[in-house]
Amino acid sequence: MTIYKYVCSICGSENVRRDAWATWDVETQSWELATVFQAGFCDDCGGIASLDAIKIDRMKARSSAAVDSFGANGGGRIF
Ligand SMILES: [Zn+2]
3 MTIYKYVCSI CGSENVRRDA WATWDVETQS WELATVFQAG FCDDCGGIAS LDAIKIDRMK
63 ARSSAAVDSF GANGGGRIF
């Protein structure tokens, strides 16, 4: 299975979000994601940004997680 990460198209940060609507589900007693909009936001740029989907493989994803757990600061980010 191919997995993706979303990054800011301007600064490459993974600290990004999208606008969405949630609807209340009585059965689960929680808010369920209903719709995800195209508008993106980058916390590092501090504003609206377009987001790029980057294909990653699971082995690299695991090794970068291991690097992060050792305290690497901003490992893998592109500035
Ligand atoms: Zn950014």
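In case it helps, our numbering puts the sequence shown at residues 3 to 81. Ideal placement from N, C-alpha and C gives every residue a C-beta, glycine not left out.
query                                                                                                                                                              : result
Which residues in the same chain as D21 place their Cβ atom closer than 6 Å to its Cβ, once the five residues preceding and following it in sequence are excluded? : F39, A41
When you get a sec, list the residues whose CB is within less than 6 Å of any heavy atom of ligand 1, chain order please.                                          : C10, I12, C13, S15, C44, D46, C47, A51
Is the beta carbon of A51 less than 8 Å from the beta carbon of A36?                                                                                               : no
Quick check on the burial criterion: 16 or more other C-beta atoms within 10 angstroms. Buried or exposed for G28?                                                 : Correcting the residue type first, residue 28 is Val in the shown sequence and not Gly. Exposed is the call here.
Tell me where the beta strand (DSSP E) around V18 begins and ends.                                                                                                 : 18 to 27
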